[in-house]
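Numbers in the numbering used here are just positions in the sequence shown, counted from 1, shifted up by 1195. All C-beta atoms in this analysis are idealised placements derived from N, C-alpha and C, irrespective of residue type, glycine included. Written out below as structure tokens is the structure these notes cover.
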Amino acid sequence: MTVKQYLLDRIAKGTIHMALIDPDRQPAEEAGKIAKRMKDAGTDAVMIGGSTGVTSENLTDTAKAIKKYSGLPVIYFPGGPEAMSTEVDCILYMCMMNSTELRNVIGAQVYAAPYIKKLGIEPISMGYVIVEPGMKVGEVGKAKLVKRDDVKGAVAYGLAAEMYGMSLFYLEAGSGADKPVPPEMISAVKAAISIPLIVGGGIRTPEAAEAARKAGADAVVTGTLLEQCDDDEWLKAVVKAAKGLRWDTATTTRGRPTTRRYPPGRRCG
Ligand code: 1GP
């Protein structure tokens, strides 16, 4: 089965959760262990990506480790065409629709296409739009950010992605955003398009994951949380909330500093 079909089958049953791991943030073995924890928490797939520092080497090693430890599908979420690996199960063949640089809209994709074909990697076409605050990906991608109250603008991008025949549409607030994509924006886009809607950026609590799901996200992505949170119960609560399952944070360490090395001393939630 293709990864696209795997995702569509799961989404047909309800919102899914995807864990995003940046291969530049930890050794590959550590990434594999994070993926295992996320699998145990109920996540559906693992994405590998980062705005900077992704190389073919760390991508390959991380993909191998994730598969070894979790067995989950590995989805490459590229920041550019420089890094590639046959160890990933598919690549999000994405157009950063609101970039002001042609390279991010179509140039890198044209450059990468022959390599993707030759290596036999499954491409999944995706429209990718950066919403305020946008964070690093907005900056590196030279995005003309969609304003948080520009619901019509976000809907227009979603419709354009669908009309282009893209398989997925991703609303991104940026990794580490202080506020996720507004629920009103998610629900308006969801009502306008029929392709699956992915939402990510700044989702670190069960409440935020639940808000995205209730607004209409078909897939909820969390990245930073996995690097910062040592508390498996908290991770489980976030995944469950994303998937519409009952969650409870009574036994979590919410608010207490964690002990993970990458990066140290941050907090869950
Ligand atoms: C980034 O949307 C993802 O592309 C994840 O964002 O790191 O804030 O969870 P966070």
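Smallest Cα separation from residue i: which of the options?
i     : options                    : result
C1290 : A1278, S1280, A1307, E1282 : A1307
V1346 : Y1323, P1378, S1362        : P1378
A1414 : A1436, W1429, L1421        : A1436
V1394 : G1329, D1443, C1424, D1426 : G1329
A1230 : E1428, L1392, V1241        : V1241
M1213 : T1444, R1441, R1399        : R1399
G1336 : A1368, T1419, E1225, K1208 : A1368
V1324 : I1301, Y1310, S1294        : S1294
M1380 : E1277, T1197, E1327        : E1327
S1280 : G1237, S1251, K1431        : S1251
R1232 : S1246, K1262, A1207        : K1262
K1438 : Q1221, I1206, L1340, R1343 : I1206
L1314 : C1285, K1331, V1376        : C1285
E1357 : I1301, M1321, K1374        : M1321
State the start and end residues of the unbroken beta strand (DSSP E) segment that holds residue i.
i     : result
L1287 : 1285-1291
A1214 : 1211-1216
Name the DSSP beta bridge partners of residue i, please?
i     : result
F1364 : G1322, L1392
A1240 : M1213
V1335 : Answer by DSSP bridge pairing: none, since V1335 is not bridged.
S1251 : Its beta-bridge partners do not exist; DSSP assigns none.
I1270 : M1242, C1285
V1434 : The partner list for V1434 (beta bridge, DSSP) is empty, contrary to what the question assumes.
V1341 : V1326
S1370 : Note: S1370 sits in no beta bridge, so no partner.
Just verifying my parser: in three-state terms, what is the DSSP assignment at residue i?
i     : result
E1317 : strand
S1246 : coil
M1279 : coil
S1382 : helix
T1417 : strand
S1265 : helix
What number of angstroms, rounded off, separates the C-alpha of residue i from the C-alpha of residue j?
i     : j     : result
G1450 : D1426 : With a pLDDT of 49 at G1450, under the threshold of 50, the predicted position of this residue should be treated as unreliable, though the coordinate-derived value follows. Going by the C-alpha atoms only, they are around 11 Å apart.
P1452 : Y1365 : In this prediction, P1452 has a pLDDT of 43, which is less than 50 and means its spatial position is unreliable; nothing more can be read from the coordinates.
I1316 : E1402 : 36 Å
T1454 : G1411 : Since pLDDT at T1454 reaches only 46, below the 50 mark, its modelled position is unreliable, and no value is offered.
L1363 : Q1200 : 12 Å
I1311 : A1445 : 46 Å
L1392 : R1298 : 24 Å
E1282 : I1319 : 16 Å
G1209 : L1202 : 11 Å
E1405 : K1234 : 19 Å
E1224 : T1257 : 7 Å
W1429 : L1420 : 10 Å
R1408 : K1385 : 11 Å
L1255 : A1387 : The sequence given here has Thr at residue 1255, not Leu. Each residue's alpha carbon lies about 37 Å from the other.
K1350 : V1341 : As written in the sequence, residue 1350 is Val, which differs from the Lys given in the question. Cα to Cα, the separation comes out at about 11 Å.
D1296 : R1441 : It is worth fixing the name first, because residue 1296 is Glu in this sequence and not Asp. Cα to Cα, E1296 sits roughly 43 Å from R1441.
G1227 : A1338 : 32 Å
Which residue marks the beginning of the alpha helix (DSSP H) containing residue i, and which one marks its end?
i     : result
V1300 : Neither: V1300 is in no alpha helix (DSSP H) and is coded neither H nor E.
L1354 : 1346-1358
L1440 : No alpha helix (DSSP H) contains L1440, which DSSP labels as neither H nor E.
Q1221 : Careful: Q1221 lies outside any alpha helix (DSSP H) and carries neither H nor E.
P1401 : 1401-1410
D1204 : 1198-1208
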